[in-house]
Every structure is written in structure tokens, then in C-alpha cells.
Amino acid sequence: MLKYLDIDSVKIACLMGKSDSGAHKKSLIFIHGSGGDHTAWLNQYAQLKEKYNTAMIDLPGHGRSEGSGESHVKDYGIWINKLLDALALNEPILVGHSLGAAIALQFAIDHSEKITGIVCLGGGMKMPVNPFMLEFLKTNPVEMPAEITELICKFSLAKENRFRLSAVLQKNISQSKVNILYGDLSACNELDLTRETEKISVPVLIVCGAEDKMTPPDLSRELAAKIKNSSLEIIASAGHMVMLEQPAELEKALDKFTASISTSGST
């Protein structure tokens, strides 16, 4: 069910599980990547909404949410902080993809007391963006350029998944607002958590596609090496869009991770 939360007079869309979700369940709050929205997580929503309290949010300026987006990861973290207060869900675990992973990492550094753990898909301490893509988007064309959608699809999906998923992914990307995508990618490009990740105390699951070209597995390995209370899952036959390419494998990893977290927030 798509719900709207009023955050500072801005309507934020959130795909929620059943309204009678129990306090005994852990909660998964999903944060999409650059230019995306909650539809990136529809596979996970279908499979996990009975087992967990689930909330797939549209960041400000994305999908069905109002707002103008942000260009700094910390600023998105402010929204997440307010959203968590509004949702008031039991034992919240942030599940972030790409930009969402950066937001989750930064949030774990700044507000560890508010969460039980985080899951980072296709993230890293640094997340450099293709300079051509940034420069092209900086001109703010009216519509999403075909060159950008094709480039993103090429680098986002494992070769074996392109035929199956390229059309859907291209359609989703083409619906993104150019200025919003530029802000999101700029936020990723400026990210540098190399001196802060060691501060993370909550349990962390790090997930990466074995064929991820946008945030290669080495970035996830480096992240896992820096965070003491972390585990790493490299998913075969997947690129940057693990939740679309190998949803069943991701869901297994999520179940294993959530089961390992005690109510005290330690594994």
C-alpha cells in the first residue's frame, strides 16, 4: 500500500506492508539509488512484506514524493532521520542501494542509536561517477538523454541479464528528472567516508554483484575490511542492480542477516 507521510510539509511517498504489522517483527526500510524510486524494490516487497515490517521510500523529488531532491548524502540523511521518527517501526534496519547505500552508511555513522543495522548494496566508502555522465547531465536537458539511459543500463546490469532487464531499467531511468539525477550522482561523486567508517558500530551486511561495474566488488571488500561488525556477500550473475537481477539470492542474504541480529543490535 502506497502511503504519504508529511515531513516538514513535504509529502513523502512510502510503499508499506500490511497495516497490521506487529511490533514483534523487525523492520526493513529500503532506500533506492540515484534517480530511482520505490519500484526498484517491488520484488522484495512481494516476498518480504509478510515476514517483516517493510517500507520502501521515495526520497524527496523522486517517484511520488514531493520536494526537489538533494545533492549531499548528509542532507538525505536528515530526511531519513525524520522519516524514521514518523514511521516509528520496530528494530529498523536500513537497506540502501548505491546512493541509498551511501545514505545508510552515513546514517550509521551519525545516528547509530536510531537503527538496528544497515544493508549496503553496491556501495563503498567512495563512489566516483563517470565524469562524462556528470558533465552531460549538468547541461540540464529537458528530457533524460537516450545516451545516459543506455550508458547506465550497460554498466548497471551483468551481460547475461541485459536482454531480460534492459527495457524495464531504461524505462525507469527515462522517467527520472534530469536535475534530480544530477544532484544524486553529485552526492555519490563527492562521498568520502574513508575516515569515518570505523565509527560504525551497528551490524552491517555488504552486498555486491560479482559483475558490478559501477561499484566494483573491490569497493565492497574494502568497506567490509574497515567495518568490524560486518559481513560480505558477493552475488554471482549480478551487476549493480542485485535486487532486480538476483532477487532470491538477495532475500536469502537479508533473512540470514536479520536472523543474526539480536534485539540488542549486535550479531
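Here this note's numbering is used: the first residue of the sequence shown is 2, the next is one more, and so on.
Every residue, glycine too, gets a C-beta built ideally from N, C-alpha and C.
{"Query": "Would you mind sorting D9 into buried or exposed? The rule is 16 or more other CB atoms within 10 Å of its CB.", "Result": "exposed"}
{"Query": "If you reduce the DSSP assignment to three classes, tell me which class M57 lands in.", "Result": "strand"}
{"Query": "H98 by DSSP, collapsed to three states: which one?", "Result": "strand"}
{"Query": "Under 6 Å Cβ to Cβ from I236, same chain only, skipping five residues before and after it: list those, please.", "Result": "G210, V243, Q247 and E250"}
{"Query": "How big is the Cα-Cα spacing for P129 and L192?", "Result": "8 Å"}
{"Query": "CB-CB under 6 Å to I32, same chain, minus the five flanking residues each way: which ones, in chain order?", "Result": "G97, G101 and I104"}
{"Query": "How many angstroms separate the CA atom of F108 from the CA atom of R165?", "Result": "34 Å"}
{"Query": "Return the CA-CA distance between E161 and K214, expressed in angstroms with no decimal places.", "Result": "14 Å"}
{"Query": "Flag E212 as yes if its beta-carbon sits less than 8 Å from any beta-carbon of chain C, otherwise no.", "Result": "The chain inventory of the structure shown lacks chain C, comprising one protein chain alone."}
{"Query": "On the DSSP bridge list, what partners appear for Y5?", "Result": "A14"}
{"Query": "To test your reading of the DSSP string, which unbroken beta strand (DSSP E) runs of 3 or more residues are found completely within the region 73-135?", "Result": "93-98 and 118-122"}
{"Query": "Apart from the five residues just before and just after T195, which ones in its own chain have a Cβ nearer than 6 Å to its Cβ?", "Result": "M126"}
{"Query": "Please state whether the Cβ-Cβ distance between K27 and I94 is less than 8 Å.", "Result": "yes"}
{"Query": "Mind checking which residues open and close the alpha helix (DSSP H) that includes E246?", "Result": "V243 to E246"}
{"Query": "Is S221 closer than 8 Å to L206 when the C-beta atoms are compared?", "Result": "no"}
{"Query": "Are the CB atoms of I13 and S66 within a distance shorter than 8 Å?", "Result": "yes"}
{"Query": "What residue range does the alpha helix (DSSP H) around E223 cover?", "Result": "P218 to K227"}
{"Query": "Closest to I58 by C-alpha separation, out of L84, A47, F133 and V169, would be which residue?", "Result": "L84"}
{"Query": "Taking 8 Å as the threshold (C-beta atoms), are T117 and V203 in contact?", "Result": "yes"}
{"Query": "Looking only at its chain, what residues have a beta carbon closer than 6 Å to the beta carbon of V120, apart from the 5 residues adjacent to it on each side?", "Result": "V96 and L206"}
{"Query": "Distance check for G124 and C154, CA to CA, integer angstroms please.", "Result": "17 Å"}
{"Query": "Do you know how far the Cα of D76 is from the Cα of C189?", "Result": "12 Å"}
{"Query": "Measure the Cβ-Cβ separation of T198 and L106 and say whether it is below 8 Å.", "Result": "yes"}
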